[in-house]
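Down below is the structure, laid out as structure tokens.
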Amino acid sequence: MFAKLQIVATYGYISSIVHEIGGDEVEISTLASSDSDPHFITPKPSFIAKLRDSDLLIKNGAELEDGWLLPLQKRAGNSKIIIGSSGYLNLAKKVTLIDVPENGISRRDGDVHAHGNPHFHLSPENIELISKAILNKLIELDQNNQKKYLKNFEIFSKKWSNFIEKLKIDLKPFKGWKVISYHRVYDYFLRYFNIELVETIEPIAGIPPSMSDISNLENRAKNLGINLILTDYYHNINSAEYLSKKIAVPYKVVPHDVKIDPNFSEDIFKLYEKIANAFKN
Ligand SMILES: [Zn+2]
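Under this note's numbering, the sequence shown has 120 at position 124, and the numbering climbs by one with no breaks.
This is the structure:
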């Protein structure tokens, strides 16, 4: 009897997909909580212990963990999960980012999306690519359970494509809607379902708006036919609320990540549903 594969995922959405494919054969720990700003996670001592004991680290990549993960990896001193080793999986390498600046990097001060938008897990197509990458990695590290992983993957894959087909139908009435969001965190989702992200409340990704930024946005937005304002759990809702009143457009607070509990009662399906509900309800 082999010990279960110990996996650390930086964000809840990753854990949710690992759970779908790894099932009972793997143990999963999640580092970031779903109500924190994914760009700025405050490290806890427990993170180092989790990293020290893991066989596999799966990260989002695309600079999302740049502010916090690397020092923890170093302190954990676990050679299995260092960059380039077989116990290290960077999901960003498996997808195509949007908003990549022409020269490869934005020169705007404080831009946390300087190399492109890292919130690619909100594209249904990327979930397929990510789950395939996770399947391949699990098989590589634990060949004994290859059949189980493959079977779980097939079940998940089918369930996911059926779910997205249904979501496409549900969201069809909102095609062409115009949205303002606080941060460009839902952009992959909106693009997939043909909803237009017209403006963001932040002037630059990662930079909070000043009063004049908000009043300029208010003036621009008045004549743009905006349908909905989206904001996340971790930014202050005051500016979304203010703008909503000024331009008479409703705002909704929606999650950006899966909230993981020991029973995995929340999952990637629920996350997508909650975002879709911002339009439907
Ligand atoms: Zn971001």
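Cβ atoms here follow ideal geometry from the backbone N, Cα and C, with glycine treated the same way.
Given this structure, state the Cα-to-Cα distance separating residue i from residue j, to the nearest angstrom.
i           : j           : result
residue 26  : residue 19  : 15 Å
residue 234 : residue 106 : 22 Å
residue 37  : residue 61  : 8 Å
residue 130 : residue 256 : 18 Å
residue 4   : residue 261 : 19 Å
residue 78  : residue 141 : 24 Å
residue 248 : residue 274 : 6 Å
Could you have a look at residue i and say whether DSSP puts it in helix, strand or coil?
i           : result
residue 37  : coil
residue 99  : coil
residue 190 : coil
residue 61  : coil
residue 84  : strand
residue 224 : strand
residue 336 : Past the boundaries of the shown model lies residue 336; the chain is included only from -3 to 277, so the question cannot be answered.
residue 271 : helix
residue 5   : strand
residue 47  : helix
residue 78  : coil
residue 262 : coil
What span of residues does the beta strand (DSSP E) with residue i cover, start to end?
i           : result
residue 22  : 22 to 26
residue 143 : From DSSP, residue 143 is part of no beta strand (DSSP E) but of the alpha helix (DSSP H) over 142 to 167.
residue 53  : 52 to 55
residue 249 : 247 to 249
residue 174 : 174 to 177
Are there any heavy atoms of ligand 1 lying less than 8 Å away from the beta-carbon of residue i, as far as the coordinates show?
i           : result
residue 88  : no
residue 108 : yes
residue 231 : no
residue 277 : no
residue 220 : no
residue 117 : no
residue 14  : no
residue 48  : no
residue 35  : yes
residue 158 : no
residue 60  : yes
residue 251 : no
residue 28  : no
residue 113 : yes
Comparing C-alpha positions only, which one of the options sits nearest to residue i?
i           : options            : result
residue 40  : 190, 211, 64       : 64
residue 127 : 16, 273, 5         : 16
residue 213 : 223, 147, 198      : 198
residue 48  : 76, 125, 134, 227  : 76
residue 236 : 253, 267, 251, 179 : 179
residue 72  : 88, 276, 44        : 44
Determine the extent of the alpha helix (DSSP H) in which residue i is found, giving its start and end residues.
i           : result
residue 131 : 120 to 137
residue 239 : 234 to 243
residue 208 : 207 to 217
Taking only beta-carbon atoms, is residue i less than 9 Å away from chain C?
i           : result
residue 158 : The structure shown contains no chain C, having only a single protein chain.
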